[in-house]
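**Q** The structure follows.
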Amino acid sequence: MSIIIIIITIILVVFIIGTIIHMYNNLVGLRNRVKNSYAQIDVQLKRRNDLIPNLVETVKGYASHEKGVLEEVTKARTGVMNASSIEETSTADNQLTGALKTLFAVAENYPDLKANSNFQQLQAELTDTEDKISYARQFYNDVVLKYNNTCQQFPSSLLARLFGFKEETYFQAPESETAVPEVNFE
14 MSIIIIIITI ILVVFIIGTI IHMYNNLVGL RNRVKNSYAQ IDVQLKRRND LIPNLVETVK
74 GYASHEKGVL EEVTKARTGV MNASSIEETS TADNQLTGAL KTLFAVAENY PDLKANSNFQ
134 QLQAELTDTE DKISYARQFY NDVVLKYNNT CQQFPSSLLA RLFGFKEETY FQAPESETAV
194 PEVNFE
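So this is what it looks like as structure tokens:
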């Protein structure tokens with residue numbers, strides 16, 4: 014009888030240890046996916062930042078008296094480049110997107126600029142990059158949701174707290190673009 018209890022105890026201990034190892038590895042994997050998906054956003058933001066000086070120079074030649082708009086784009090680009098956290102990057106990215114929208118709206122007043130092939134190419138590349146940034150943000154937020162859920166759900170929440178896994182921050186859209194009000198479910 015005691016040999017059966019020992020075998021059952023050993024099986025139970027092995028099962029518990031295996032479950033803990035699985036939950037820990039799952040948390041590590043999700044945390045790494047969050048970091049990787051943020052890096053993908055960063056790659057696209059850098060790509061867009063590399064296009065902006067060429068766009069500003071092209072616009073400058075046609076719309077030199079639109080200095081304020083050009084300075085705003087340059088200032089917003091610098092903000093994205095200097096951002097060091099997800100919150101700062103999100104805020105700076107939203108400011109840059111707004112500045113670029115203003116720049117393209119100003120370009121509408123200059124038919125020669127709109128017809129310029131360099132401007133058209135840069136505008137197309139920026140549009141493509143914006144689409145990639147949007148997709149990367151969405152993917153990042155999906156991964157953060159899964160990771161945060163795992164950090165909050167029992168029993169993995171116990172392991173997350175024990176090993177110092179912290180919830181991640183979502184990449185936020187500008188408040189002007191959020192159409193749905195926040196709902197508090199607590």
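Under our numbering, think of the first position of the sequence shown as 14, with each following residue one higher.
A virtual CB, placed ideally from N, CA and C, is assigned to each residue, including glycine.
(1) Should Asn95 be labelled buried (16 or more other beta-carbon atoms within 10 Å of its own) or exposed?
(2) Phe152 and Leu40 - do their beta-carbons sit closer together than 8 Å?
(3) Give me the Cα-Cα distance between Leu109 and Arg46, rounded to the nearest whole angstrom.
(4) DSSP three-state call for Thr163: helix, strand or coil?
(5) Roughly how many angstroms separate the alpha carbons of Leu157 and Gln165, rounded to a whole number?
(6) For Phe184, which of Ile24, Ser50, His35, Ser15 has the nearest alpha-carbon?
(7) If we ignore side chains and look at the alpha-carbon of each, how far apart do Leu25 and His35 end up?
(8) Under DSSP, the alpha helix (DSSP H) around Glu180 begins and ends at which residues?
(9) For Leu64 and Glu138, what's the separation of their Cα atoms in angstroms?
(10) Go ahead and pull the three-state DSSP assignment for Gln185.
(11) How about the segment 17 to 24 and the segment 126 to 146: do they share at least three Cβ pairs that are nearer than 8 Å?
**A** Concretely, from the data shown:
(1) Its Cβ having fewer than 16 others within 10 Å, Asn95 is exposed.
(2) Contact flag unset, no.
(3) Near 26 Å, if we compare the C-alpha coordinates of Arg46 and Leu109.
(4) In the displayed model, Thr163 falls within a helix according to three-state DSSP.
(5) The sequence given here places Val at residue 157; Leu does not occur at that position. Rounded to the nearest angstrom, the two C-alpha atoms are 12 Å apart.
(6) The closest CA to that of Phe184, considering only Ile24, Ser50, His35, Ser15, is found on Ser50.
(7) Taking the straight line joining both Cα atoms gives about 15 Å.
(8) Glu180 -> no alpha helix (DSSP H), and no H or E assigned at all.
(9) Spanning the alpha carbons of Leu64 and Glu138 requires a straight line of approximately 8 Å.
(10) If DSSP states are grouped into helix, strand and coil, Gln185 belongs with coil.
(11) Cβ pair count under 8 Å is below three, so no.
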